[in-house]
Amino acid sequence: MRVPYNWLKDYINTDLTPKEIAQNLTMVGHALDKAIYEQEGDTVIDLEDRGNRGDVMGILGIARDLAAVTAQKVKYPKLGAIPTTNNDRFNPPINVESDRVIRWRAVSFKGVKISPSPAHVQKRLRSYGIEVINNIVDITNYIMIEAGMPIHAFDLDKLGSITLRTARSGESLVTFEGTKLQFDENDLIAADGNKPLTLTTAVGGRESGITNGTKNILIEAGLYDQPTARRSALRLNVRNETAGRLGKYLHPDYCELAISRAITLIKDLLGINPEPISFDYYPNKYPKVAVSMSQQRLNLIAGEEIGLEEAARILEGLEFNVSSPLKDGELVVGVPYFRTDVVMEDDVIEEVLRIRGYDKIPTYLPLLPAPKKLEFPEMELEEQAKDILARLGFNETISQQIVDKKEIEKAGFWDESRVVKLENSWNEELNAMRYDMASPQFNYLLSYQKHGFSEVKIFEIGKTYSKNSQKSGYESYTETRKIVFTATKDFRSFKSDVLSFLRELGIGEIAFEKFSFSLFKDQKSAQMKYNGTTIGKMGEVKSSILADFKVRGTVSHVVFYTLELLKFAKAQSPLELVTTITNFVIEDRTFTVPASFEIGKILGAIKNVVDISTRITFVSVFENENLKEKGKKSVTFNFKFDPARTEEETKKLNGLVFR
Amino acid sequence: MDKSNILGNLDSLVSGSVQKILLAKTLRELNELNLEFVTGKKSLLNELTQGLKSLGAEEKRRFGPKVNEAKAALEESIKETENRIHKISDEQKEWFDVTLPADRTPIGHLSPDTQVIRQMNAFFTYHGYSVAEGPDIETDEYNFEKTNLPKDHPARDLQDTIYIESPEILLRTHTSSVETRILSTYKPPLRFVVPGVSFRNEIINPSNHAIFNQYQGVVVDKGISMANLKATLTEFAKHMYGEDVKTRFRTKYYPEVEPGAGMDILCSFCNGEGCRICKGRGWLEILGSGMIHRNLLEKCGIDYRTWSGFAFGMGLDRIIMTKFNITDIRDLHGGNLVLVN
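Taken in order, these protein sequences are the chains called A and S.
Using this note's numbering, read the first sequence as starting at 3 and increasing by one per residue.
Using this note's numbering, read the second sequence as starting at 4 and increasing by one per residue.
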């Protein structure tokens, strides 16, 4: 809301500078939106719109809050008497056919002379930043800015009757600015028979508007269902001063105020009086709102004792009607019509506290002890994983949850029935939820390579999203927590990182099984199992996929499922604490096995027979022409035996044969 | 060698060995000599000791001290030579370039997001808050209905929602959805913070993104007041911006709270004078807060007559960007941000 300083001073006596006013208003809920500026010889204080208060969309409403803060009285403008209401005799005939009309108040004037407004009116409007048109249109705008209530003027000679109804599909209107609006059944219009006159919640039409030749006018102030007003403005892209105000919750009494004010201004500026009959459609009168506020609740919210007398004084300053005497630690207040935001006790408490000043509220921490901790073990494991991966030299990346379908396809994961798609998005291409964590890793990898890094290790911890087409509704959506990391390494070297990571989580003794996965090279693809449960997949990424992401070199990638890791994390201590030095008997042993025999299986067999105290380390695998011919290879392990068991262990190993 | 012969030639054998030891040039050479003369199974010293055992009492008396002397002499020569070799190595005169460039050992780093979130979590966990979370795909119920944003609430128009299945299934527009989930699931007293991503269907530009991080905090207990809110958030501001930070609380409207409060810190660029950075306000808005609206508590099954609470929420991205000098929000999670050690 733009508030020209001199215009504001029409309604309040104040010596405060614009800066001081902005400061005061900011503290009570009307924050300065941008720096104070000069316009048309006035100083403009531009305040943020406050979502729940239609009353401060007029300078008068701002003046009321400023008056309450500075202990002043508002100087209300003159209001003219509205002629007797008689809807049946009102001319032109007006029919209301929609329950979305809350109130519609109208008067008419005959013999108006359209001319430019006087200089002081023009100056006011220009200082606010609204175009000056002619005396009648300027008056309607003046009242809208002053009171916050939009009103509209019709040229009476250009219409036979007015019907307020929802539009029919196919109906359209050219606005006074020349824009064509295409209506549907959700729009509320004023029409003359089949001819739309205005989008009554937002903008007037060109045909029925005021022109230089206009002689007789109808001035109306209407209030409508606010969501209807907001949605029409949004869908028809009419974002103007009127739509902004009618989308907010204004009290029907504003119609009365605005029409009275129009009568005064037309009399003052044009010297004419309204026709003797006025129109008023207001079927469901709004009841007066009274709210009681207890001393106890006020003290609780504030955190200190605030006297009800002080509260009463503040509320009276805001034009609340405080019933006296105060009784039983309770204050009953009548809420002024314009404060549609105040409906319950805590709303009244906010009024007291904000005008009194939040800075007056004391400052002390909660006095009760901290409650029991809430457990989120998946998140805790992931935090631990982040630290481990950073220690292993991996940089953390964070990527977007909403992705381009093409990215998912590139990584070979697109599955029409499983991917979660968005109904609407700010970008046509970004229309799906992340289905895999590999593609964003490759994009980051490319960024690192572009920056000249040849050895890259990155990780990300996050969620992927999928839909189960067998189910419906909310239940059909799954968020899967994953830990992924990626490095410019070959399978085996990367496996070292994977093993260290798992070991640090307390998960040792992982079984690697060859496993076909679309992301990985056929031979260099494995799933990892712990106690028979799959905890993740790792492999060397297919060159064809890397090429699609423009990533160079050999890249390995692993994906772990947080929930599965959580089942086994801390199964073993990651640290073995040793204080005594053991004298092992050390020996290398070589086994000759078929060429395609997995070393993991040899190791498994060895571990099956030897004692737990024996330490086994893989040394090398060897193949020469001779062995190749026989379809064999030889594999060497290093053994460290407990001296006392050496003989027994050796015997067991001698018994092992691999075919 | 004949044992008596060894003992007979003891002096010359020992002095010859000592000479050899003293001439050793490397530690490796010295180790071999040590094995040969002093420590090995067949070393001179061992031979001498063995030889001594076979002698009669008188001869033992005669040769015993000599063997001991020989042992001392050999060991001393080893020690002396070792010292000499170390000294040569330590005092090597050959020129060495200490400016020779070396590669830094690669160290992994946590993302700016994680670092800032942990800095915040550190404060709140110290004050007894749990770190909580919730789903990104939400229902209208938890995201809107329970946060005191019923169907026709104007604020819903401001929060342009990204829908998966409109109108019921959506991407959460704020972390308040986690607040309502937790308040609906656990019994008070409760204290928790929620760092998390939120989504809105908004045009993106360098300072505004449709995907953004929020940090939300909630306290529900007996007798919780605005005084508690102010103290907690003031202490938090000190934790983030230093002891000298100046804060202020002003009225601000949020549907989830009543009364509502915005917390500002004095603009450090203009010291309160008003500048481009603070849009002429002199203060920078850090977070929104307030006493949890009684409608929200009731919709989550908490009796507002017994319990009261405060909640606060802030955008994380701006804080992260300021701390790490990132000027375009799209760089935060867009795949371009490279951590250079």
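For each residue, glycine too, the CB sits at the ideal point set by N, CA and C.
N-terminal and C-terminal residue of the alpha helix (DSSP H) that residue i is part of
| i | result |
| --- | --- |
| His242(S) | 229-244 |
| Lys630(A) | 627-631 |
| Asn137(A) | 137-149 |
| His122(A) | 121-130 |
| Ser234(A) | 228-237 |
| Gly319(A) | 310-319 |
| Lys56(S) | 47-56 |
| Thr648(A) | 648-656 |
| Gly220(S) | Note, Gly220(S): premise wrong, no alpha helix (DSSP H); beta strand (DSSP E) at 214-224. |
First through last residue of the beta strand (DSSP E) which encompasses residue i
| i | result |
| --- | --- |
| Ile91(S) | From DSSP, Ile91(S) is part of no beta strand (DSSP E) but of the alpha helix (DSSP H) over 60-93. |
| Asp524(A) | 522-532 |
| Arg358(A) | Where Arg358(A) is concerned, there is no enclosing beta strand (DSSP E), although the alpha helix (DSSP H) it sits in stretches over 347-358. |
| Trp106(A) | 103-111 |
| His154(A) | 154-157 |
| Tyr7(A) | Where Tyr7(A) is concerned, there is no enclosing beta strand (DSSP E), although the alpha helix (DSSP H) it sits in stretches over 7-10. |
| Val562(A) | Per the sequence shown, the amino acid found at residue 562(A) is Phe instead of Val. Taken as a continuous stretch (DSSP letters only), the beta strand (DSSP E) holding Phe562(A) covers 558-563. |
Nearest-angstrom beta carbon gap, residue j and residue i [assumed within contact, 8 Å]
| i | j | result |
| --- | --- | --- |
| Val114(A) | Ile279(A) | Going by Cβ atoms, the distance from Val114(A) to Ile279(A) rounds to 17 Å, so no, they are not a contact pair. |
| Ile265(A) | Pro276(A) | 6 Å |
| Tyr132(S) | Val196(S) | 5 Å |
| Glu382(A) | Arg483(A) | Wrong, their Cβ atoms sit about 12 Å apart, outside the cutoff. |
is_contact[residue i, chain A] using C-beta, thresh 8 Å
| i | result |
| --- | --- |
| Phe195(S) | yes |
| Ala240(S) | no |
| Val41(S) | no |
| Met4(S) | Note that Met4(S) scores a pLDDT of 48, beneath 50, so its modelled location is shaky and nothing firm can be said. |
| Leu113(S) | yes |
| Val200(S) | yes |
| Leu10(S) | no |
| Pro104(S) | no |
Contacts of residue i in chain A (Cβ-Cβ under 9 Å)
| i | result |
| --- | --- |
| Phe252(S) | Met29, Tyr360, Asp361, Ile363 |
| Gly220(S) | Those within 9 Å of Gly220(S) in chain A number zero; the least Cβ separation is about 12 Å. |
Contact set between residue i and chain A, taken where Cβ atoms lie within less than 7 Å
| i | result |
| --- | --- |
| Glu148(S) | Under the 7 Å cutoff, chain A gives no residues; its nearest Cβ is about 14 Å from Glu148(S). |
| Pro138(S) | Glu481 |
| His336(S) | Ile400, Ser401, Gln402 |
Contact set between residue i and chain S, taken where Cβ atoms lie within less than 8 Å
| i | result |
| --- | --- |
| Ala304(A) | Ser228, Met229, Ala230 |
CB contact below 8 Å: residue i versus chain S
| i | result |
| --- | --- |
| Phe322(A) | no |
| Met439(A) | no |
| Gln228(A) | yes |
| Phe415(A) | no |
| Ser558(A) | no |
| Pro368(A) | yes |
| Thr72(A) | no |
| Pro94(A) | no |
| Lys456(A) | Looking at the sequence shown, residue 456(A) is not Lys but Ser. Cβ-Cβ to chain S under 8 Å: no for Ser456(A). |
| Trp428(A) | yes |
| Glu431(A) | no |
| Pro467(A) | A small fix is needed here, since residue 467(A) is Tyr in this sequence, not Pro. For Tyr467(A), the answer is yes, since a Cβ of chain S falls inside 8 Å of its Cβ. |
| Arg66(A) | no |
Contacts of residue i in chain A (Cβ-Cβ under 8 Å)
| i | result |
| --- | --- |
| Met294(S) | Ile303, Asp348 |
Contact list for residue i against chain S, beta-carbon separation under 9 Å
| i | result |
| --- | --- |
| His453(A) | Val341, Val343 |
| Val422(A) | Ile140, Ile167 |
| Phe639(A) | Residues of chain S passing the Cβ test: none, with the nearest at roughly 29 Å. |
| Ser100(A) | The contacting residues do not exist; Ser100(A) stays about 16 Å from chain S at best. |
Worksheet entry | Three-pair Cβ contact test at 8 Å for the stretch 47-65 of chain A versus the stretch 23-36 of chain A | yes
Practice task
Evaluate contact between the stretch 136-149 of chain S and the stretch 159-177 of chain S, counting only Cβ atoms and requiring at least three cross-stretch pairs below 8 Å.
Solution key: Result yes; three or more Cβ-Cβ pairs closer than 8 Å.
| message | Tell me whether the stretch 227-238 of chain S and the stretch 310-330 of chain S touch, counting them as touching only if at least three CB pairs, one residue from each stretch, are closer than 8 Å. | response | yes
Does the structure place the stretch 222-231 of chain A close enough to the stretch 241-251 of chain A that three or more beta carbon pairs sit under 8 Å?
yes
Count Cβ pairs between the stretch 219-233 of chain S and the stretch 352-369 of chain A that sit closer than 8 Å; are there 3 or more? yes
(request) Please confirm if the stretch 188-206 of chain S is in contact with the stretch 145-158 of chain S, defined as three or more CB-CB distances below 8 Å between the two stretches. (result) no
Could you tell me whether the stretch 483-499 of chain A touches the stretch 443-461 of chain A, where touching means 3 or more Cβ pairs closer than 8 Å?
yes
Flag this pair as touching only if the stretch 88-102 of chain A and the stretch 160-167 of chain A have three or more C-beta atom pairs under 8 Å; answer yes or no. Below 8 Å, enough C-beta pairs join the stretch 88-102 of chain A and the stretch 160-167 of chain A to call them touching: three or more.
Task: Segment contact, 8 Å Cβ cut-off, at least three pairs: the stretch 424-436 of chain A with the stretch 351-365 of chain A - done: no
Can you confirm whether the stretch 527-541 of chain A touches the stretch 512-519 of chain A when touching is taken to mean that 3 or more C-beta pairs between the two stretches lie within less than 8 Å? yes
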